[in-house]
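Peer 1: The structure that follows is given in the form of C-alpha cells.
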Amino acid sequence: DAGVIQSPRHEVTEMGQEVTLRCKPISGHDYLFWYRQTMMRGLELLIYFNNNVPIDDSGMPEDRFSAKMPNASFSTLKIQPSEPRDSAVYFCASSLPGKGTEAFFGQGTRLTVV
Amino acid sequence: QKEVEQNSGPLSVPEGAIASLNCTYSDRVSQSFFWYRQYSGKSPELIMSIYSNGDKEDGRFTAQLNKASQYVSLLIRDSQPSDSATYLCAVRNTGRRALTFGSGTRLQVQP
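Quick note, the sequences are listed as chains A and B, same order.
The numbers in the first sequence follow the numbering used here, run straight up by one, and end at 288.
The numbers in the second sequence follow the numbering used here, run straight up by one, and end at 168.
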C-alpha cells in the first residue's frame, strides 16, 4: 500500500482565498484524522471520521474550516476564507479500529497564507 | 495544564549514550500510549506503543509506563546521530479514538 496520500504537498495562497486540502487514507482503514502542526501549538487534532462519519470536530478552529469524507477513500479539508494565521502543516492520518492500532500519517501539506 | 506534557529540549547526548525522554499525562483514563519520531520537515512515524505498566523493549528502544504516576518514558540505547529528531508522546483516552500529542522533545545526538 502507498500509505496515506495527501495533496498538494505545498500550497501558497493569498489571504481571503479558498484552500482545499485532500487526503486518501490507507485502504481498509476506517478512521481518518486531520491534524494541524505549528511551532506554537504543536500537533493538534482538528477533526476525525469513523466510517466516513464525523465523530469529533471540536478541534476545528472556526466556521471557516470544514471537512468532508464523501467515501472511504477520500477526504477534504477546506478553509474559506483563508487567513495568515492558518499557515501551518496539515497532516492527514488513518488507522484501523482496535486498542493497539497506530495512526499512520501522510506527508502533510505545508500551507502558507500571505 | 496540558493533557500531555514533554520537555521541549533540546536534549543533547553523545553518540553511544542512553537518551531518556519523558512524558506526563493528565487524564487517568488514558489507555494507550505511543512514541512517534519526527524528522525535520517530515511526518511523524511510530516507534513504540505501550498499554500496560512496566517496560516494553524493541531493539534499542524501551518504553516505560507508570499509570499510577501518569508517566511514560522512552529510552534509546546506543544513541546514533540518525536518532536526532523530535520525539512526540501521544495518548489515547478511553472512548476517544484520536491521539493527543505532546509538544515533542528535540533530541540531538552528537557524533
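Note that the Cβ used here is the ideal one computed from N, Cα and C, for glycine as well.
#1: Less than 7 Å between CB atoms is the rule here; does residue 118/B satisfy it with respect to chain A?
#2: Since residue 80/B contacts residue 152/B with CB under 8 Å, what's their CB separation in whole angstroms?
#3: Between the Cα of residue 129/B and those of 68/B, 167/B, 105/B, 100/B, spot the shortest distance and give me the residue it belongs to.
#4: Can you check whether the C-beta of residue 241/A is within less than 7 Å of a C-beta belonging to chain B?
#5: Note down, in chain order, each residue of its chain lying with its Cβ closer than 6 Å to the Cβ of residue 313/A, except the 5 sequence neighbours on either side.
#6: DSSP three-state call for residue 284/A: helix, strand or coil?
#7: I need the DSSP call for residue 168/B, collapsed to helix, strand or coil.
#8: Could you name the residues of the same chain whose beta carbon sits closer than 8 Å to that of residue 156/B, not counting the 5 residues immediately before and after it, in chain order?
#9: Out of 237/A, 281/A, 222/A, state which residue places its alpha-carbon closest to the alpha-carbon of residue 95/B.
#10: Is it a yes or a no for the stretch 233–246 of chain A touching the stretch 177–185 of chain A, going by three-plus beta-carbon pairs under 8 Å?
#11: According to the Cβ coordinates, are residue 224/A and residue 205/A closer than 7 Å?
#12: Nearest to residue 62/B by CA position, among 122/B, 145/B, 77/B, 164/B, is which residue?
#13: Got a sec? Which residues, its chain only, sit under 8 Å from residue 234/A by beta carbon, not counting five neighbours each side?
#14: Does the stretch 200–217 of chain A come close enough to the stretch 267–279 of chain A to have 3 or more Cβ pairs within less than 8 Å?
Peer 2: On the basis of the supplied data:
#1: no
#2: Actually they do not touch by this definition, with Cβ atoms about 21 Å apart.
#3: It is 105/B.
#4: no
#5: Beyond the ends of chain A as shown, which are 175 and 288, falls residue 313/A; an answer cannot be given.
#6: strand
#7: coil
#8: 91, 147, 148, 149
#9: That would be 281/A, whose Cα lies nearest to the Cα of residue 95/B.
#10: no
#11: Result yes, Cβ atoms of residue 224/A and residue 205/A sit closer than 7 Å.
#12: Ranking 122/B, 145/B, 77/B, 164/B by Cα distance to residue 62/B puts 145/B first.
#13: 220, 221, 240, 241
#14: yes
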